[in-house]
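Numbered per the working numbering, the sequence shown spans residues 181 to 516.
Every residue, glycine too, gets a C-beta built ideally from N, C-alpha and C.
Since the structure comes first, as structure tokens, the remarks are kept for the end.
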Amino acid sequence: MHLAALHTPSQIQLNQDGHLKHFITIEGLSKETLTKILDTAHSFINDQNQLVTNNLLEGRTVMNLFFENSTRTRTTFEAAAKRLSANVLNIDIARSSTSKGETLRDTLWNLEAMAADIFVVRHSSSGAAHFIAQTVCPHVAIINAGDGRHAHPTQAMLDMLTIRRETKKPFEELSVAIIGDIKHSRVARSDVAALQTLGCKDIRLIGPNTLLPVGFDDYGVRMFNKMDDGVADCDVIIALRIQNERIESPALSSQLEFYKMYGLDERRLALAKPNCIVMHPGPMNRGVEIASSIADGPQSVILHQVTNGIAVRMAVLALSMQGQLQEKGLIEAVSL
Ligand code: NCD
């Protein structure tokens, strides 16, 4: 057995110097590490709000391994890697040899032999990124782009960057409501962990009991079945899609019923603070968890999240190579 197999995801994420190596989960990372990711991402956006380009990862190879569908995450990882001048390979898993019976381990070892430096992995099984981090050579960094219902750490960090940039308030002073299918959502899990680590004291999860997780209230998070109560005086609302692909038996009577009870519409948004921002990780189901007028309205920052996603993914890619860049004396070229 590989020695790393004895370690939990949070233990293998940092190298000996305490720098981020893999990015598998928010859990176990310090406020300093999360702030470093946010500050680095921020440094990749210029005063005109445009993303910068640099050659930090020139000569490095980033491989996107998406075992599950994705639009935003895969494309923004590709855009991020290209902005850092890395080579990017998108591996077409559906047409790869895993469909001919090759084990995941063998596929990974073959890809490693093609000089991969970073694997960006999305998988429907919780724990897949952690497993892969233990399977590959020590010099290859693993970035979790979503594993089952477990974690989606780069989504959480792009959400945190969006909250920081849009509200311009410290996390300690914010009230944040997450609405919808929390139980099956890796985004909700990672968002709650990031908000707590960054000091947010008022986190509210809103949904029917069938879509709320068990045991979260032990962590100082409040649960609401009544949406009007949950959104009152909030600074940030994050709406989530119902994760039908992870629900075995119907959790709701109908989508229309869900919209009536938990859809974010104008009347409900008016209960939050007047400058409350509205977020959604996408893909969005208009008329189910959010009204079109809100998704396209002045308080929506949903498309800013997408752009911030490139900056955050640039930061995570660059930081995961930081140890190696330092060894080669490259790090001084760009102050991370
Ligand atoms: C999320 C995901 O894949 O978990 N989407 C995303 O990464 N933009 C949320 C979802 O699929 O609902």
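Report whether the distance from the Cβ of residue i to the nearest heavy atom of the ligand NCD is below 8 Å.
i, result
"Arg421", "yes"
"Thr253", "yes"
"Pro461", "yes"
"Gly443", "no"
"Gln506", "no"
"Thr326", "In the sequence under discussion, the amino acid at residue 326 is Gly, which differs from the Thr named in the question. True, at least one ligand heavy atom lies under 8 Å from that Cβ."
"Gln435", "no"
"His330", "no"
"Arg366", "yes"
"Ser250", "yes"
"Gln193", "no"
"Gln335", "yes"
If you follow the alpha helix (DSSP H) that residue i is part of, which residue opens it and which one closes it?
i, result
"His310", "Ala308 to Thr315"
"Leu451", "That residue, Leu451, is in no alpha helix (DSSP H); it is neither H nor E in DSSP."
"Leu436", "Gln435 to Tyr442"
"Asp197", "Where Asp197 is concerned, there is no enclosing alpha helix (DSSP H), given that its DSSP letter is neither H nor E."
"Thr287", "Leu284 to Glu292"
"Ile192", "Pro189 to Ile192"
With a CB to CB cut of under 6 Å and the five nearest residues on each side skipped, what residues in its chain are close to residue i?
i, result
"Gly503", "Asn195 and His199"
"Val232", "Phe224 and Asn226"
"His332", "Gly326, Arg366, Val367 and Ser370"
"Asn235", "Ser265"
"Ala185", "Residue confidence for Ala185 is low, a pLDDT of 47 falling below 50, so the modelled location carries little weight; the figure read from the coordinates is stated next. So the qualifying residues of the chain are Gln314."
"Ile422", "Asp361"
"Ile358", "Ala368, Leu385 and Ile418"
"Ala309", "Ile204, Val301, Ile322, Asn324 and Asp327"
"Ala373", "Ile206 and Glu207"
"Gln435", "Val468"
"His182", "Note on His182: pLDDT 44, under 50, position unreliable in the model; no value is reported."
"Asp343", "Here the sequence assigns Ile to residue 343, which means Asp is not the residue at that position. Answer for Ile343: Val416, listed in chain order."
"Thr256", "Gly489, Ile490 and Arg493"
Residues bridged to residue i by DSSP?
i, result
"Ser480", "Val458"
"Gly418", "The sequence given here has Ile at residue 418, not Gly. In the DSSP output, where bridge partners are listed per residue, Ile418 has Ile358 and Met459."
"Asn324", "Val301"
"Ala331", "Asp327"
"Arg466", "Ile470"
Could you check where the beta strand (DSSP E) with residue i kicks off and where it finishes?
i, result
"Leu269", "Asn267 to Ile271"
Give every residue of the same chain whose Cβ lies closer than 7 Å to the Cβ of residue i, excluding the five residues on either side of it in the sequence, and list them in chain order.
i, result
"Ala296", "Thr241, Met243 and Val320"
"Phe311", "none"
"Ala513", "Confidence in Ala513 is poor, its pLDDT being 46 and thus under 50, which makes the residue's placement too unreliable to answer from."
"Gly467", "Tyr439"
"Leu288", "Ile312, Thr315 and Val316"
"Ile470", "Ala419, Gly443, Leu444, His460 and Met464"
"Ser306", "Asp327, Gly328, Arg329 and His330"
"Gln479", "Leu449, Cys456, Ile457 and Val458"
"Ala495", "Ile217, Thr220, Ala221 and Phe224"
"Lys381", "Glu352"
Within the same chain, show all residues whose beta-carbon is closer than 8 Å to that of residue i, passing over the 5 residues directly before and after it, in chain order.
i, result
"Pro350", "Gly379"
"His484", "Thr342, Arg345 and Glu346"
Threshold first: 3 residues or longer. Then list the beta strand (DSSP E) segments lying entirely within the region 335-415, N to C. 355-359, 382-386 and 402-404
Ignoring anything shorter than 3 residues or poking outside the region 218-281, list the beta strand (DSSP E) runs there in chain order. 241-246 and 267-271
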